[in-house]
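According to this note's numbering, the sequence shown holds residues 110 to 185 in order.
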Amino acid sequence: MKKWLIAVIAAIFIVTLALSIIASGGHHEAGVAWWHHVPGFYIIIGFLGCIVLVLLPKWVGKEFLYRDDQYYEKGD
């Protein structure tokens, strides 16, 4: 990926996280688990989930699905 695209995505993530924390005003919902008290936790999990949903299929495709142009003609 181009470096400027990664920088733009990182900047959008950081701005979104900061706005979420500012909008909550530092108040957190009453929660049972520890992650309910972490500001921006669901934004971070969502962002990481999106990255996994994009990169994992690319990796699977490159490692297991893609073949050479001459793959089926090698046995001849």
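Idealized CB from N, CA, C, for every residue including glycine.
Continuous alpha helix (DSSP H) stretch holding residue i: start and end
i      : result
LEU155 : Contrary to the premise, residue 155 reads as Gly rather than Leu in this sequence. Run containing GLY155: 150-169, per the alpha helix (DSSP H) assignment.
VAL117 : 112-133
Inter-residue spacing [alpha-carbon to alpha-carbon] between residue i and residue j
i      : j      : result
ILE118 : ILE160 : 11 Å
TYR175 : TRP144 : 39 Å
GLU172 : ILE123 : 32 Å
VAL141 : PHE156 : 23 Å
8 Å contact criterion, which residue i and residue j should meet: CB distance rounded
i      : j      : result
ILE152 : LEU126 : 5 Å
For the segment 121-133 against the segment 164-184, do three or more pairs of beta-carbon atoms, one drawn from each stretch, fall closer than 8 Å, so that the two count as touching? A contact between stretches requires three or more CB pairs, one per stretch, nearer than 8 Å, and the segment 121-133 fails this requirement with the segment 164-184.
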